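Engineer: Here UniProt numbering is used: the first residue of the sequence shown is 1, the next is one more, and so on. All residues carry an ideal CB built from backbone N, CA and C; glycine is no exception. For clarity, every value in this text was computed on a predicted model and none was experimentally measured. I'd like to ask you about the structure that follows.
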Amino acid sequence: MILRMKRYMVLWGALFFMVTLMSLYLMLETINSPKPYTFTGNQVLEGIEIKIQKIEKDLAKNQEMVSQIKHWVNMLSKGKSGVEEPSVPFGPQVIETLLGVNAPVEGQDNHDSQGGAPNGPEKPREPFKIEPGQKVMVTSSTCTATKHPPAEADIDMHKVFDVVPFDNQDGGVWKQGWEISYDANQWKQKPLQIFVVPHTHCDPGWIKTLDDYYRQQTRGIFENMLPKMEEDARRKFTYAEIAFFSMWWEELNDDRKERVRKLVSDGRLEILTGGWVMTDEANSHYFAMLDQLIEGHQWLNGTLGVKPQSGWAIDPFGYSSTMAYLLKRSGFENMLIQRVHYSIKKHFSREKTLEFMWQQQWDHEKSTGILCHMMPFYSYDIPHTCGPDPKICCQFDFRRLPGGQHRCPWKISPVPITPANVAERAMLLVDQYRKKAQLYRTNVLLAPLGDDFRYEKPEEWDFQFNNYQQIFDYINSHPEMGAVGQFGTLANYFDALHQDAASSSVSFPSLTGDFFTYADRDDHYWTGYYTSRPFYKHLDRVLEANLRSAEILFTLALTYARKNAASNFPTAALMQKIVESRRSLSLFQHHDAITGTAKDPVVNDYGRRLMHGLVNSKNVMMESAAFLVLKNKNDYVYNPEAPILNMDEVHENYESLSSKPVISLTSQPVPVILYNSLGHTRVQLVTVWVSQPHLKVQDPDGNIVHSQIEPFWLDENPEKMDSTKYKASFIARVPALGVAVYTIHGVSGSEDLQNHLVSTVFINSKSGQQQNGEFPIETLSGNENFSINNSMLEATFFGTTGFLKGRGSVCEDFINRHNSSDKLAVCGLRARNGKERSGAYIFLPDGPAQPLIDNLPLIRIMRGPLVSEVQVNTEFVQHVVRLVNSPGVDGNTLDIHNIVNIQKTANKELALRVMTDIRNLERVFYTDLNGFQMQRRQTLDKLPLQGNVYPMSTATFVQDTLSRLTILSAQALGVSCLQPGQIDVMLDRRLNQDDGRGLGQGVLDNRRTPNHFRLLFETRDTPLQTSIQTVGYLSLTAHLSSLYLTQPIFLMPKSGVASGTSLPLAFWPRFSPLQTELPCQLHLLNLRTMQNKDDSPDLRFIPKDSAALLFHHFGSDCDFPIYTNTCQPNEGQLTLAKLFKDIQFHSAVATSLTLMYDQQEVDVSSELHIPHMEIKPLK
C-alpha cells in the first residue's frame, strides 16, 4: 500500500510540474515575443490565429496526457498488475513535445550526431500515407469556348499544307516562282504607289557580341543617321532593335536627343515593333516574348514618347501566331514577315494572298485579326526586294558601286544615276516594281531598301538616297510611267494600303495557323535550331522562372514596405537588379541567341549575361522573402555580403550545372523558406541537400512531416555513396503567391521516425561491392524486368536496359487503360554525307533515328515512400525516371530527368523516343506555340524527315479517340511524330561543319546538358468520334503540371552568415497575401513593378507607384478530369477587391499588353471575366 501511494504521489507531482511548466511557457511566449512590425489587417490576425491554434493543440496534448496519467494512477492504486506503459513518454520527451524544442535525452547522444542507433530496441517507422488528389470534373459551362469548332477563316494553314506540292520547280529568274507578266495599261487610270523603305537589320549578337557590334558597326549607323536625315526632308528611315538604340541614347546630350525626337515626331524615323530584340518565334516562351516587348515599349515611352505602330520581323526563321496575337493586343494593326517556306510563298503569290488578316484559330469573334504582309522572295536584302529578278535588283543597291568592297554575285554592277541614264535606269527598276505588284491585290507597293548592318558608313547614305531620289524625281515627272515613287516608312505604306483597299473595295483574306517549318531552298529545312545549344535553352527557361518569381515577390514586398513606411527596404538596389535581369532575358530572345545560332564567343557572352540576370533575380527573391517573413521588420538589414537567406541553387559559372547549398544540420532548427509564385496553393514534393541522413522536418505549424533521404553517388564511382551530403525530400504545402517556413533539425538515428531512408537495388553492377552504410542495398545479377509505383501509377522497366517498358494504373479512376506498352529509348541520328550537311540552322540527317543499344548499363533502382526512381548511366545520357508519391499534381506524371553529354561524338544528334500504343494512324500530333497555345501538326510523306520536325517550347501530345499522352518539357526542343503512337524529342546535336547560312562554324561547344520532362497519361470520360481535333488544347492537369515543371517552388535556407543584428531573427510561419486564390484556369503571368524614366539618373531605379497585373486564362480540353486538392476551375472570373488581404486597389485600368494604351477603368468590386485564351493586363 505504501509503495502504491508513493507511485501515486510521484505521478501526480509530475503531472502538476508539467502543467505548471506549460502555463509558464505560454505566458512567457506571449510576453517575450518580439513586438511585430506594424503590419496591419489580416497578417497580424493570421499570426494571432496561428498562435491560438498552436495553443489549442498543446492544450489538447496536455489533456490527453492528464487522462492517461489518471488512468495509470487509477490502475496502480487498485493494485492491478500488467499495466501498459503510457502512450505518451514522460520526462524530457514530454517537455520537447509541449515546448516544440529539442531537449537532450538522458543517456543518448545529442541530436547533432551523425546517427547511430542507441541501446535498446529500435522504434518502428511511422508509415507514410497520402490522400490522392480529388477527382474534379470540369463542368461544360467552364469550357464552352473550347468545345466550339475552330474559327472560320479563308485560309487554313492545315489545308494549305495538304494542297501545296512542295515540288521545288525551277521558275527561271525567280528561281522559286515563275515568269511574271503584266499589262502595261493597267496603271493608266491609277498610278502604282511605290514606297521604298530604307532599313537596317542589326543582330544584337551573332558573328560578334552585342558590345562589339555596337562599337564597330551599329553606333556608326546612328551617328550617321542624324545628320544625313537632316540633310533632306524627303528622306525616311526605319529601325527596330531597342537593345542597340538604348545604348546609343545613353551617349547623347540633350540637344541631340531633341533632334532625334523631332525626326520621330515628324514621321521620318519610324521605330518598328519596338521590342528589345527581334524575337525568335519558335523556341521563345510567350512570357519572355511579351517581356522583351514590354521592356522595349516602356523604354520608348519613357524616353522618346513613342508608341510603335507596325510589326517588322524580317529575320526570324519561321513565324508563330502567338506573336501575331501579342502584337494585336499591344495595339498594332499591321505587321510584316519574311522567312516563310519558299513553296508556301509561291502558293500565296499565285493566289494573291500575300497580305492577309492573321487571326487566332480559337477566335470566333475575329477580334485578334491583324493585317500581315508577307514578302514574296528569297531574302530581305536589296537583290530580293525590288522584284523577281535579283540580278536586276542588285544593280539598284548602290553600296555595290564599282570601287567598293561589295559586289553583285551576278557580275552586273550598279552604275551611278545621271541625267543621261536616268530614263533607262528608272524604266528597268519600274519594270521590277510592276512585276512584284502582280502578286498583291492593291495598287500600293512596298520595296524595302536595306540589309544586315547597312548605312554604317556616311558614303552609303549618300549613294542610296541621292541615286534613288533622282529616280523618283524622274518617275514622278513622267506620269506616262504610271507610277509614283518616294521614300517611306512602313507606317506610310500601310496607311496608303488601307486607303487604296477602301477606295477599291479590296478585302484581305483571313488566315489561321502558323508558318513552321521554314525552308529557304531545296530540302534545307531550318529545323536544327529548334535544338541547337540546348544547354542555353535550358538556362533561358531557368532565368525566366526566376525573373517572374522575383518580379512578383518584389512587388509584394515593395507594397508592404510602402504601406508601412519601411525605409530599410532596398527599393532602388533591387529595382536595378530587376531591370538588368529583364534585359538579360530579353536580349536572349533574339533570333540568333536562344536559337543557338551564334559564334562560340557570342554564345559565351550570352551565357554570362544570362547568369548575371539569374543571380540578380535570386538576390531579389532572397531579400524580398526575408523582408516579408521577418516578424520585426526593423531587424531587416540589406547586406549583399551577408544576406539573411541563401540562394536555392548555385552555379560555379554560366557553363556549369546547378547545385543546391548543403544545409549543415545540428540540433538547432534551420528555417527553410519556401516560395510559391503561382496563384493557388501548391502541395508538392520539394528537395533540399543536407549534411546528414537523420533529420526531422516540421511544417509552419510545428507538425513533423514525413521525409525521405536519398544518397548521392560519386561521379567517379557511381556505386559509392558520398558521405558529405544527402537529398532530403518532403511534401510541402505553400500558399498562393506566398511563403511557408519549414524547419529541419538534425536528430539521432532512433528519433527520425517519420524520416525514411531509400532502399537501392543495383543491376549490372561492375564491382558488386557497393558501399553499404545505413541505406539498404541489394545487387541483382539477372536481367528480369522490374517496376516502381506511386499511389496513381506503376511503371515497368526492361531489366536489360533500364528504360521504360510499360505503364499501368494503380488508381482505377485515374487511367481506364490500365496497362499500356509505353516505351522509352535514346536514339541517334547522323548528319548526311555530301557537300551540304547539317549545321546550327539546318537539319539534314542521313535517315531516321536508330535506337542506341547500351550493353548492360549500370542501373540503380531507389525506392521510398515519397519518391521512387530508376537511374540508368548510358554512354551519352544519365537517364532518370521518377514517380513521386504526392497528393499534388506532381503525383500524376512520370518524371524524366536527363543529363546529356555528346562532347566526344562527331556529327551526331540525340533524341528521346517515346513509343505508345496510341492509334493516331494519320500521324497527327500537336505541339505548343511558345507555351501559349497548341497547334495541330501532321507528318506528311511528301516532306523529307527534316521537314516533319516542329518546335516544342513546352508541350506536345498524341491522342486517339480515348487516350492521350502529353510530354511536358522544361526547355525548348525539336519534336516529330514519324510513326503512329511515337514521339521523338531531340535532345542535343553536335555538328562538325557550317551549313552555309553565314555563321561560319559548326556546333562543337556542347555542355553536359540537363533536360526535364513530365509524361502525362490521360483517358477521356467520353471518347471522341475522331482522334483529329483541328484545334487542340492541353487538359487542365497538363496546364498545372507544366506550371509546376517550369515555375518551381523556390527553397531559401536561412543563411548562417547574416549580419546586422545580434538577436536571433524571428520569422512568421507563413506569408499568405491572397484573400481569394485564383481558379485553376487563371494564371498570374506577372505582377510587374513599373520602371520610371530610363534616361533620368535620379528616377531610373525608383519604381513608379503602379504595377501591372497580367492574367492568362488557359484554354483547356475539358473531357479530361483533373486530380487536385489545391484549386477549383471556373469560367475565368475574379474580383480584384477580394484578391489580396492587405493590399487595396485604389484604381485599376485595363490596358494593352505592353501597357502603352489605357483602355477603360475597371470596377475593382465587380466581377471581372477574362475570356478563354486571352491575356488580361491591368495597371
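Can you give me the Cβ contacts of Gln935 inside the same chain, cut-off strictly under 7 Å, excluding the 5 residues immediately before and after it?
Structural biologist: So the qualifying residues of the chain are Asp514, Tyr926, Thr927, Leu929.
Engineer: Figure out for me which residue from Gln979, Met229, Ser246 has the closest Cα to the Cα of Thr218.
Structural biologist: Ranking the options by Cα distance to Thr218, first place goes to Ser246.
Engineer: How would you call Lys696, buried or exposed, if buried means at least 16 neighbouring beta carbons within 10 angstroms?
Structural biologist: With 16 or more Cβ atoms within 10 Å of its Cβ, Lys696 is classed as buried.
Engineer: By Cβ distance, which residues of its chain are closer than 7 Å to Phe166, with the 5 residues on each side in sequence left out?
Structural biologist: Closer than 7 Å at Cβ, skipping near neighbours: Ser343, Lys942, Leu943.
Engineer: Looking at C-alpha atoms only, which residue of Pro700, Tyr841, Leu1043, Lys904 is the closest neighbour of Val734?
Structural biologist: If we check each option's Cα against that of Val734, Pro700 comes out closest.
Engineer: Looking at C-alpha atoms only, which residue of Pro1053, Ser707, Pro1010 is the closest neighbour of Ser656?
Structural biologist: Ranking Pro1053, Ser707, Pro1010 by Cα distance to Ser656 puts Pro1010 first.
Engineer: Nearest to Thr954 by CA position, among Phe287, Ile194, His158, is which residue?
Structural biologist: The candidate whose alpha carbon is nearest that of Thr954 is Phe287.
Engineer: Any contact of the segment 857 to 867 with the segment 541 to 556, i.e. 3+ C-beta pairs under 8 Å?
Structural biologist: No contact exists between the segment 857 to 867 and the segment 541 to 556.
Engineer: Measure the Cβ-Cβ separation of Ile392 and Gln432 and say whether it is below 8 Å.
Structural biologist: Yes, these two residues count as a Cβ contact at 8 Å.
Engineer: When we look at the beta-carbon of Leu714 and count the other beta-carbons within 10 Å, is it buried (16 or more) or exposed?
Structural biologist: Flag for Leu714 reads exposed.
Engineer: Could you tell me the boundaries of the beta strand (DSSP E) in which Pro1053 lies?
Structural biologist: Element bounds for Pro1053: 1050 to 1053.
Engineer: Which stretch, first to last residue, makes up the beta strand (DSSP E) that contains Ser976?
Structural biologist: Residues 973 to 976.
Engineer: Please classify Leu1016 as buried or exposed, where buried requires at least 16 neighbouring CB atoms within 10 angstroms.
Structural biologist: Leu1016 should be labelled buried.
Engineer: In three-state terms, what does DSSP make of Arg521?
Structural biologist: Arg521: strand per DSSP, three-state reduction.
Engineer: So what does DSSP say about Arg234, is it helix, strand or coil?
Structural biologist: Arg234 falls in the coil class under three-state DSSP.
Engineer: Between His694, His201, Ala740, which has its C-alpha nearest Ser723's C-alpha?
Structural biologist: Checking every option, the nearest Cα to that of Ser723 belongs to His694.
Engineer: Looking at the secondary structure, which residues open and close the alpha helix (DSSP H) in which Gly302 lies?
Structural biologist: Taken as a continuous stretch (DSSP letters only), the alpha helix (DSSP H) holding Gly302 covers 286 to 303.
Engineer: Tell me which same chain residues have a C-beta within less than 6 Å of the C-beta of Trp178, skipping the five on either side of it?
Structural biologist: Closer than 6 Å at Cβ, skipping near neighbours: Gly171.
Engineer: Would you list the one or two residues that DSSP bridges to Trp358?
Structural biologist: Per DSSP, Ile370, Leu511.
Engineer: Ordered along the chain, which non-local residues of its own chain (more than five positions away) have a Cβ less than 8 Å from that of Leu272?
Structural biologist: If we look at Leu272 and ignore the five residues flanking it on each side, its Cβ neighbours are His199, Thr238, Tyr239, Ala240, Pro308, Ser310, Gly311, Trp312, Leu490.
Engineer: With distance defined between alpha-carbon atoms, name the residue in Arg832, Ala840, Lys805, Phe843 nearest to Ala825.
Structural biologist: Out of Arg832, Ala840, Lys805, Phe843, Lys805 has the C-alpha closest to the C-alpha of Ala825.
Engineer: By the three-class DSSP mapping on this structure, what secondary structure does Ala324 have?
Structural biologist: Correct three-state label for Ala324: helix.
Engineer: Let me confirm a value: Ala642 is counted as buried when at least 16 other C-beta atoms fall within 10 Å, else exposed. Which label applies?
Structural biologist: By the 10 Å Cβ count, Ala642 comes out exposed.
Engineer: Please classify Ile731 as buried or exposed, where buried requires at least 16 other C-beta atoms within 10 Å of its C-beta.
Structural biologist: Answer is buried; the Cβ neighbour count reaches 16.
Engineer: First and last residue of the alpha helix (DSSP H) that includes Gly607?
Structural biologist: Residues 600 to 629.
Engineer: How is Trp72 classed by DSSP in three states: helix, strand or coil?
Structural biologist: Legend: pLDDT at Trp72 = 43, less than 50; position of this residue unreliable, no value from coordinates given.
Engineer: Say whether the segment 1082 to 1101 touches the segment 1136 to 1144, bearing in mind that this needs 3 or more beta-carbon pairs closer than 8 Å, one atom from each stretch.
Structural biologist: Cβ pair count under 8 Å is below three, so no.
Engineer: Check for me: the beta strand (DSSP E) holding Met862 runs from which residue to which?
Structural biologist: Where Met862 is concerned, the enclosing beta strand (DSSP E) stretches over 858 to 863.
Engineer: If you reduce the DSSP assignment to three classes, tell me which class Pro671 lands in.
Structural biologist: Here Pro671 sits in strand by DSSP.
Engineer: On the premise that Ala840 lies in contact with Leu999, defined as a C-beta separation below 8 Å, what is that separation, rounded to the nearest angstrom?
Structural biologist: Contact flag correct, Cβ pair sits at about 5 Å.
Engineer: Using DSSP with H/G/I as helix, E/B as strand and the rest coil, what is Ser1165?
Structural biologist: Three-state result, Ser1165: coil.
Engineer: Return helix, strand or coil for Met709, following the three-state DSSP convention.
Structural biologist: The question names Met, but residue 709 in the sequence shown is Ile. Looking at Ile709 - three-state DSSP - the assignment turns out to be strand.
Engineer: Just confirm the distance between the C-beta atoms of Arg609 and Leu587, as a whole number of angstroms; I'd bet it's less than 8 Å.
Structural biologist: Contact flag correct, Cβ pair sits at about 6 Å.
Engineer: Run the CB neighbour count on Ala502, radius 10 Å, all protein chains shown included, and call it buried at 16 or more, exposed below.
Structural biologist: Flag for Ala502 reads exposed.
Engineer: Under DSSP, the beta strand (DSSP E) around Trp312 begins and ends at which residues?
Structural biologist: It spans 310 to 313 - the beta strand (DSSP E) in which Trp312 sits, taken as one unbroken run.
Engineer: Express the C-alpha separation of Asp389 and Asp984 in angstroms, rounding to a whole number.
Structural biologist: If I take the Cα positions, the gap works out to 41 Å.
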